[in-house]
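Asker:
Residue numbers (the numbering used here), protein chains in the order written: chain P, 5 to 263; chain L, 505 to 722.
(1) Kindly say whether residue 200 of chain P, judged by its beta-carbon, lies nearer than 8 Å to any beta-carbon of chain L.
(2) If I follow the unbroken beta strand (DSSP E) through residue 122 of chain P, where does it start and stop?
(3) Does the distance from the C-beta atom of residue 617 of chain L to that of residue 538 of chain L stay below 8 Å?
(4) Counting pairs of Cβ atoms below 8 Å between the stretch 510-526 of chain L and the stretch 564-576 of chain L, do you hit three or more?
(5) Tell me whether residue 251 of chain P is buried or exposed, calling it buried when 16 or more other Cβ atoms sit within 10 Å of its Cβ.
(6) Return no unless some Cβ of chain P is closer than 8 Å to the Cβ of residue 660 of chain L.
(7) Can you tell me which residues form a DSSP beta bridge with residue 42 of chain P?
(8) At the 8 Å Cβ level, is residue 8 of chain P part of the contact set with chain L, yes or no?
(9) How is the alpha helix (DSSP H) around residue 533 of chain L delimited, first residue to last?
(10) In chain order, what residues of the same chain have a beta carbon less than 8 Å from the beta carbon of residue 249 of chain P, not counting five sequence neighbours either side?
(11) Can you list, in chain order, the residues of its chain with a C-beta nearer than 8 Å to that of residue 145 of chain P? Leave out the 5 residues immediately preceding and following it.
(12) How would you write the range of the alpha helix (DSSP H) that residue 707 of chain L sits in, first residue to last?
(13) Can you tell me which residues form a DSSP beta bridge with residue 29 of chain P?
(14) Out of P/233, P/258 and P/155, which one is the CA nearest neighbour of residue 195 of chain P?
(15) The alpha helix (DSSP H) spanning residue 240 of chain P covers which residue range?
(16) At least one CB of chain L closer than 8 Å to the CB of residue 263 of chain P: is that the case?
(17) Establish whether the CB of residue 600 of chain L and some CB of chain P are separated by less than 8 Å.
(18) Identify the contact partners of residue 118 of chain P in chain L, using a Cβ-Cβ distance below 9 Å as the criterion.
(19) Touch check for the stretch 657-674 of chain L and the stretch 39-51 of chain P: three-plus C-beta pairs under 8 Å?
(20) Is the beta carbon of residue 706 of chain L sitting closer than 8 Å to the one on residue 670 of chain L?
(21) Reducing DSSP to helix, strand and coil, say where residue 24 of chain P ends up.
(22) Take residue 716 of chain L and list the residues in its own chain whose beta-carbon comes closer than 6 Å to its own, dropping the five residues that flank it on each side.
(23) Of all the options P/214, P/185 and P/85, which has the alpha carbon lying nearest to the alpha carbon of residue 200 of chain P?
(24) Is the CB of residue 700 of chain L under 8 Å away from at least one CB in chain P?
(25) So that I know if they touch, is there some Cβ in chain L lying closer than 8 Å to that of residue 174 of chain P?
(26) Applying a beta-carbon distance threshold of less than 9 Å, which residues of chain P neighbour residue 591 of chain L?
(27) With the cut-off set at 8 Å, would you say residue 588 of chain L and residue 36 of chain P are in Cβ contact?
(28) How is residue 677 of chain L classed by DSSP in three states: helix, strand or coil?
(29) If you draw a straight line from the alpha carbon of residue 567 of chain L to that of residue 256 of chain P, how long is it in whole angstroms?
(30) Give the secondary structure of residue 547 of chain L by DSSP, where H, G and I count as helix, E and B as strand, and everything else as coil.
(31) So what's residue 80 of chain P in DSSP terms, helix, strand or just coil?
(32) Would DSSP call residue 653 of chain L helix, strand or coil?
(33) Against residue 113 of chain P, what residues of chain L qualify as contacts under a CB-to-CB distance less than 7 Å, listed in chain order?
(34) Chain P partners of residue 549 of chain L, CB-CB under 8 Å?
(35) For residue 253 of chain P, would you say it is in contact with chain L, using Cβ-to-Cβ distances shorter than 8 Å as the test?
(36) On the criterion of 16 or more Cβ atoms from any shown chain inside 10 Å, does residue 107 of chain P qualify as buried, or is it exposed?
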């Protein structure tokens, strides 16, 4: 009875998550004109496969083994299911029939329905298979894909975005450098900061310092301050400079420690 | 992007459909947390992050999961509305999937997590609210002007960063073990001659040789 229950629930969950993952990913190719739901790494990796169905499939497959192992071991799917497996497999399935990425991978409608199907299959499979996967395949995938993806996300993508920002003009280069450096320290990855730097730099280039760009600038500062606070960066920074942490800051942190 | 004809009024591209999109995702992810709570399988997140929720479920404190998830959610909502891509991992998987359930469980409100239909409904409402906030923020920022905000710069960078993945996979396969490195070279060469991106061939070659000559994780 439990098995049937898990099966039925998994079908619904897989359909919901798959539909949204596919639609959100396809919308990324039209961002920022269209608000999307996804991740910069997903965008970069899906572009990396260059519209080749076999590449999309094998890329997803590598992370699928990893996710399967994690599910069998700890019950956790890993974020790769929604970031990598579902969007890449959906893209692969669509590209087999039509090579034009504009009509397939970039089309939210087609991606949504294909991803919904793939999401159902993947979630049902992961939730119902108790048997372990070949250990050697899983380890190879982890040892090869994870370091490569980490290099791409932590080193290559920040540098490419950074250089693009510098080439795009003095203002975006300046703010990308400031925010990129801060975001590497505070958020652990420079890409969000560099992107925000391009956003504000080009925004001011095109519009000047009007109310809109001022609001955006303020929001970016608030974003950094809050991220720093919630990640404990403020206390770390004060301590790194060998200064005493003020009592009020300590108690402010204590206030937000949910028990 | 400029070559594409997109109908911004249709459901698939419009602003108003974004909250629905986030709602569907959140419903599924929140229900995934329900699965994990009930059956110990099915949470849409990394082992380390799910472990924080598990710590609370096993009688410890939900504090870590709640603070971690909630702060991620907040930062990503701000970032997402500005850059045009709401980060799925931070906002929904970690924020809605781990942070909000942890807050609910920490105050003893278990019903949204233990009851499947309630979980779907809770996730849907949370997602629509998050998507709504983002759409609203955009309305008063990005959409008020015709400026591109450097979208072309970002898209160009996003496209070119992808090309690096193939060589990176080869380098990392080469450091994993000699057979895996050789397998990945052969795979990449076949894909290259076949006029396909080498990333796919490098992965497949590495996995085939890795199956025959296993390595340990350490």
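Just so you know, even glycine gets a beta-carbon here, dropped at the ideal spot from N, CA and C.
These numbers come from a predicted model, not from an experiment.
Answerer: Concretely, from the data shown:
(1) yes
(2) It is not in any beta strand (DSSP E) - residue 122 of chain P instead sits in the alpha helix (DSSP H) that spans 112-132.
(3) yes
(4) no
(5) Label assigned to residue 251 of chain P: exposed.
(6) yes
(7) L/591
(8) no
(9) 521-543
(10) 239, 242 and 243
(11) Counting only Cβ-Cβ distances below 8 Å, and skipping sequence neighbours, we find 66, 67, 69 and 70.
(12) Boundaries of the alpha helix (DSSP H) harbouring residue 707 of chain L: 702-716, taken from the DSSP string.
(13) None; residue 29 of chain P has no bridge partner.
(14) Per the Cα distances, P/155.
(15) 237-244
(16) No answer about residue 263 of chain P holds up, because its pLDDT of 41 lies below 50 and its placement is not dependable.
(17) no
(18) Those within 9 Å of residue 118 of chain P in chain L number zero; the least Cβ separation is about 13 Å.
(19) Yes, since at least three Cβ pairs between the stretch 657-674 of chain L and the stretch 39-51 of chain P fall closer than 8 Å, the two stretches touch.
(20) yes
(21) helix
(22) none
(23) P/185
(24) yes
(25) no
(26) 41, 42, 43, 44 and 196
(27) yes
(28) helix
(29) For residue 567 of chain L and residue 256 of chain P, the distance between alpha carbons rounds to 15 Å.
(30) strand
(31) strand
(32) Residue 653 of chain L: coil per DSSP, three-state reduction.
(33) 516
(34) 80, 81, 82 and 83
(35) no
(36) exposed
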